[in-house]
Every structure is written in C-alpha cells, then in structure tokens.
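Take a look at the structure below.
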Amino acid sequence: MTQGADLIVLGGGPAGAISALLAARDGLRVRLIDPCNTPPRLEGLSPRLRHWLSGQGLLKGFDKIHGPLRRTVDWAGISDSNSEFVIFRDALDQHLRRAARDAGATLIRDSGSPESGGVTLSSGGHLPAAMVIDARGRKAGRAGAQGAATLAFSGWLQGPGLTAGVSLTAIATGWVWRVALADGRIWAQTVVDAAGHGNPAERFLKGVALADPELRQARLEGAVSVRAAQPRLPVAVEDLSVLPVGDALAAMDPLSGHGQFWAVSSALAVAAVRRSLAARPGPETEDLCRKFLNRRAVGTGLHQARVGRDFIRSEQRFADQPFWKRRAAFPDTLASSTPKAEIGIDEAIVVEKGLLTRREVLRTPRSPEGVAWFGPVPAVEAWQVYQQGGLQGLHARWGNWDRRIEQALAQEGRPPN
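According to numbering that gives the first Met the number 0, the stretch in the sequence shown is residues 0 to 416, in order.
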C-alpha cells in the first residue's frame, strides 16, 4: 500500500477517531488505521464529553448509552449518590470511526508504528504521510513518570438480580467499579496492584466479592480483560510530525473518570496545532505549538495525578495497606492546584478561530489556568468593562449577555468546592 496521505492517524479510539474526523472535515486526505477489535466493555461517560459529542451531532443514531443510572459511592466515609451515564466503549469507537469515514477519512483495518515520513504497517509495507497522529493509547510507549504498577481486571458477570445502577467501592486491595444494567447484565472492574497471587479471573472475582457480598456466588461470563491502569505523566513533544493524543501523550488514572474527555480534548488541541502549522508555517509557529502542547499536557497530567492522589489519601480505612500506601505520594506532594486569591490578568496560548494565538486571559480562584472567553465574549474585556461600569456597562456592550457574564464572573471569583 503506497498511496500517500496528508495525515495518518494510528488508533481508532475516541482520540484517534475524532482526530481523523476533524482533519477530514478540514479537507485533508486522512488514513485512520485501527484493527477494529475493541473488546465489549462498559465505561463511564463524563457529562462534559457527552455534552460536546451531542453538540457536534456525534451521538445521533448512537443507542449504546445507558442512563442516567443511580451512582453510589463507598469511599472515605462518602455515601452520597448521584447519577452517571455509561456507554459500550466498543460501540462508541465503532460509531466514531464510522463518523470519521463519513467525513472522508479512509479506514484501514491494521495496526502499525510511526516511522520516518509515515507509518510502517504491521501487515507489511510503508504508508507515507506528512504528519502522523499517534492515538494508540498506552501501546504508544511514550512513558514519562509512572505511578505504582496497576492492573484493571474487567468482565461480565452472571449473578443475582441487582437494581440498575453504578457503584464505586474502596476495598483493602484497591477499588471496584460495578454497573448493573436494567436488562440484568452486570459489568465490573477491579483495580489492584500489578503484583498479586492468583490468575486474572481469581483476582477479579475476589475483588468483586469484597466490594459487593451479593456477588460472591456470581459467575464469570467470558474472559477477563486485563489492562494497565497506572497514571503516566507526559514526555515533552519535540517532533511535530508525530503528535501523540490521549493516553499516548498522558494516561489518566481510571479513578479520575476523565479519560475519554481528556482523549477528545487532546484531539481538539492537536487539531489546532495542525491547523496553525499549515496556516503559518515557520519556526515561530513551531515554537508556539510545542509550548502549547507541553504546557497543556503537563498541566493536565500533573493536575489529574494529584487529584487522584488526594482521593487515595482521603480513604483512611485502608491507609496502611500496600495498595494505598504506594499511591499516596505520586506524582509528588504538591497541592493539586494553587488557588488565586483574586481575579487577575495574564497571557496564555489559546485556540481562537481554530488557530493558536497568544491572548490575555483571566486567572481566577475558580480557573487558575485561565479563562479566555465567556461564550463569545472575551473574558478580560468583560472583566474590565464590569470593573468600570457594572451590569449596566455589560449591557451597553453586550446586551442580553450581561447577566450571564455577571454570573460567570461571580462564579470565577470563588474557588471550586
């Protein structure tokens, strides 16, 4: 296979499929390479990602979402309940790959690795391209600092009829996420140390039984999936012809629940890099792109790892157990964020009209990384107008957006709960 492409995307999960979709919509010749063999499994769908996918029309015709399901938590004395949507990940991947193909991308059922000027396919042959997006997840092998070696054992269970819902339970050896669907099917994921006694099925069932005594007699249906689950921090991006996205850049701890959102948001960031390099080629743009990608990746990776560490620390029932002790200090001992005392103005690299640019942003107690816009309204300008003229000034400048801007500024003045 020797036909060239403007862009090759390796990996057809959410990060890769969205990357291919966006590039095809931009008119590029795109090859999306994936073996298309995602095993059937359930994953949580964060509200932010669900909102974005829906807004893009990418959930149209997709019927493999369940929820909202009642979600209960047994962690650090927390017993509150809320709700959660879950999706069949294999079906979502297939749906998004189809959307990329409908947008004009060519799907190739294969795998491969980035090489000079393109991709070498596992089946043999070299496929040339000017740029490669690496969305192979942890298989990409771009490991920065990693947390303690961790495995996630997942599988389907047949057991007693449970009320439909989702549960998250801390246990002495790790934690368990369990979903009971309305049709009676049960999915569970046990997250434990990589080192341990027993085969995957035994370790999986033991964790499930500890978390939910009702499932002590549950039977395993099919094979147990085994995946690495420790958080991995990013390494610096230098080569702009091979751009990692999603877990290939920085892998979230599944405890965070933001893995899919991070994957898609990193695809959007790389799309802005790709467009900027094409629109304004040259060393200055390349430097801007590297700084944007690396600041964003390091900021997100460190923040999420610290949030996960703090959540681990909050569970004191098992603080002296090996699983919990090994995870109480990664990635460091610094605070997950340093709240600002008040709103201030700073400069950052942001995406504006699809391209990267330097712009003044508001650094706030709620958003210390910065806010560039409130809807279509520049945040810094809104803040300055409000300081001078209050709500009346906002109305004179932006009409019916006045109260929404005032409310947004009030929210930004408070740290998140």
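Even glycine gets a Cβ: it sits at the ideal position worked out from N, Cα and C. None of these values were measured; they are calculated from a predicted model.
Asked, Found
"Segment contact, 8 Å Cβ cut-off, at least three pairs: the stretch 88-105 with the stretch 49-62", "yes"
"Residue interval of the alpha helix (DSSP H) (run including E201)", "199-210"
"Proximity below 9 Å, CB of A151 to CB of R226", "yes"
"Beta-carbon proximity check, L156 vs A249, cutoff 9 Å", "no"
"N- and C-terminal bounds of the alpha helix (DSSP H) containing G389", "378-397"
"Option nearest I448 by Cα separation, candidates I185, V379, G412", "Given a span of 0 to 416 for the chain in the structure shown, any question on residue 448 remains unanswerable."
"For R358: DSSP bridge partner residues", "A347"
"Beta-carbon contacts of A102 that lie in its chain and below 6 Å, excluding the five residues immediately before and after", "L20, A23, R24"
"Presumed contact (8 Å Cβ cut-off) between L437 and G374, rounded CB distance", "This structure does not reach residue 437, given that the chain is present from 0 up to 416, and the question cannot be answered."
"Those runs of the alpha helix (DSSP H) which lie wholly inside the stretch 166-196 and span at least 4 residues", "none"
"Under 9 Å between C-beta atoms of V436 and T162", "Outside the shown range of the chain (0 to 416) lies residue 436, about which nothing can therefore be said."
"Integer Cβ distance of D309 from S335, believed to fall under 8 Å", "6 Å"
"Rounded straight-line distance, which links the Cα of W261 to that of T172", "27 Å"
"E479 in three-state terms, based on DSSP", "The question about residue 479 has no answer, for the chain in this structure spans 0 to 416."
"Cβ contact (3+ pairs, closer than 8 Å) linking the stretch 129-143 and the stretch 5-20", "yes"
"9 Å Cβ cutoff met for A296 and P330", "no"
"DSSP three-state assignment for F317, whether helix, strand or coil", "coil"
"Unbroken beta strand (DSSP E) run spanning P127, endpoints", "125-133"
"Nearest-angstrom beta carbon gap, L41 and V178 [assumed within contact, 8 Å]", "5 Å"
"Neighbourhood of S121 by C-beta distance below 7 Å, restricted to the same chain and skipping five residues each side", "D109, S110, G111"
"CB of R210 within 9 Å of CB of D73, strictly", "The question names Arg, but residue 210 is Ala in the sequence shown. Against a cut-off of 9 Å, the Cβ pair of D73 and A210 comes out as a contact."
"Rounded straight-line distance, which links the Cα of M251 to that of I98", "Before going on, a small fix: residue 98 reads as Ala here, not Ile. For A98 and M251, the distance between alpha carbons rounds to 25 Å."
"Residues near G3 in its chain [Cβ-Cβ closer than 6 Å; skip 5 each side]", "P127"
"Coil, strand or helix - N81 by DSSP", "strand"
"Sub-9 Å separation of I424 and L267 beta-carbons", "Past the edges of the chain, shown from 0 to 416, lies residue 424, and the structure says nothing about it."
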